[in-house]
Amino acid sequence: DVKVTQSSRYLVKRTGEKVFLECVQDMDHENMFWYRQDPGLGLRLIYFSYDVKMKEKGDIPEGYSVSREKKERFSLILESASTNQTSMYLCASSFGLEDGYTFGSGTRLTVV
Amino acid sequence: LAKTTQPISMDSYEGQEVNITCSHNNIATNDYITWYQQFPSQGPRFIIQGYKTKVTNEVASLFIPADRKSSTLSLPRVSLSDTAVYYCLVGEGAGRRALTFGSGTRLQVQP
Numbered sequence: 025d026v027k028v029t030q031s032s033r034y035l036v037k038r039t040g041e042k043v044f045l046e047c048v049q050d051m052d053h054e055n056m057f058w059y060r061q062d063p064g065l066g067l068r069l070i071y072f073s074y075d076v077k078m079k080e081k082g083d084i085p086e087g088y089s090v091s092r093e094k095k096e097r098f099s100l101i102l103e104s105a106s107t108n109q110t111s112m113y114l115c116a117s118s119f120g121l122e123d124g125y126t127f128g129s130g131t132r133l134t135v136v
Numbered sequence: 081l082a083k084t085t086q087p088i089s090m091d092s093y094e095g096q097e098v099n100i101t102c103s104h105n106n107i108a109t110n111d112y113i114t115w116y117q118q119f120p121s122q123g124p125r126f127i128i129q130g131y132k133t134k135v136t137n138e139v140a141s142l143f144i145p146a147d148r149k150s151s152t153l154s155l156p157r158v159s160l161s162d163t164a165v166y167y168c169l170v171g172e173g174a175g176r177r178a179l180t181f182g183s184g185t186r187l188q189v190q191p
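Structure below.
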């Protein structure tokens, strides 16, 4: 069964900390994505990557950065966590349009 | 990217057919229409995708009229386990453009 695995299900961090959210996929997908989901706002795209070492800003990249050193791993970095970054973070991957996106189970991050 | 409009919520009863319509007036020639399902505390799950006319799989059917300005997701004989949020997306998806999710339609299935 193909999978997108997010390293943590729940995470609590302090304001100002540097936070790393890790995502690994085992499907040899070219494309990987980071979304955040907040009540009433749906899923919003933060960053995505269509190849190793390549990245593109999504709709809300401010306060975030990403790293894709290997094809299977896409990391989301919160440079200096703030309380307004408390959210559910969802990672996804896709090979092509025909397959759709496969999502991980999400990481619920709380910044205190 | 084409914007989509879908109802915020819908209610149904077990055994009924549910049709969720999505409007996408500005859909581009190369855009596909994709539907996802999301249960609480889980990531969205791909349900079905189409470009025109009708697509059917083991889970749902997708009806797309000739002008492609709307689409309808049809869930036959829903059960309680179909209670979820359903998202309609339009776009080229992977590659240089990523899909944008709206707020979705919250479907509540009652016994």
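Protein chains in written order, with our numbering: chain A, 25 to 136; chain B, 81 to 191. We put the CB at the ideal spot given by N, CA and C, even for glycine.
Own chain residues within Cβ distance below 6 Å of Y93/B, not counting five before or after: Q190
Distance between L142/B and T134/A (C-alpha atoms, nearest Å): 38 Å
Whether C126/A touches A116/A by CB criterion (9 Å): First, the residue type needs correcting, since residue 126/A is Thr and not Cys in the sequence shown. Their beta carbons are under 9 Å apart, which means T126/A touches A116/A by this criterion.
Nonlocal neighbours in the same chain, by C-beta distance under 8 Å from M112/A, ignoring five residues either side: R60, Q61, D62, G130, T131, R132 and L133
Interface positions of the stretch 116-127 of chain B facing chain A (Cβ-Cβ less than 8 Å), listed along the chain: Y116, S121, Q122, G123, P124, R125 and F126
Within chain B, partners of F127/A - CB distance below 9 Å: Y116, Q118, Q122, G123, P124, R125 and F126
Backbone CA spacing between K132/B and I107/B [nearest angstrom]: 12 Å
T84/B versus L102/A - alpha carbon distance: 30 Å
Closer than 9 Å to chain A by CB, A178/B: yes
E46/A - containing beta strand (DSSP E), residue span: V43 to Q49
Beta-carbon neighbours of G184/B, restricted to chain A and to distances below 7 Å: G66
Simplified DSSP assignment, three categories, for S89/A: strand
Cβ of N55/A within 9 Å of any chain B Cβ: yes
Cβ neighbours of L67/A in the same chain (closer than 6 Å, five flanking residues each side left out): Y59 and Q61
Contact list for Q86/B against chain A, beta-carbon separation under 9 Å: None at all; the shortest Cβ gap to chain A is about 11 Å.
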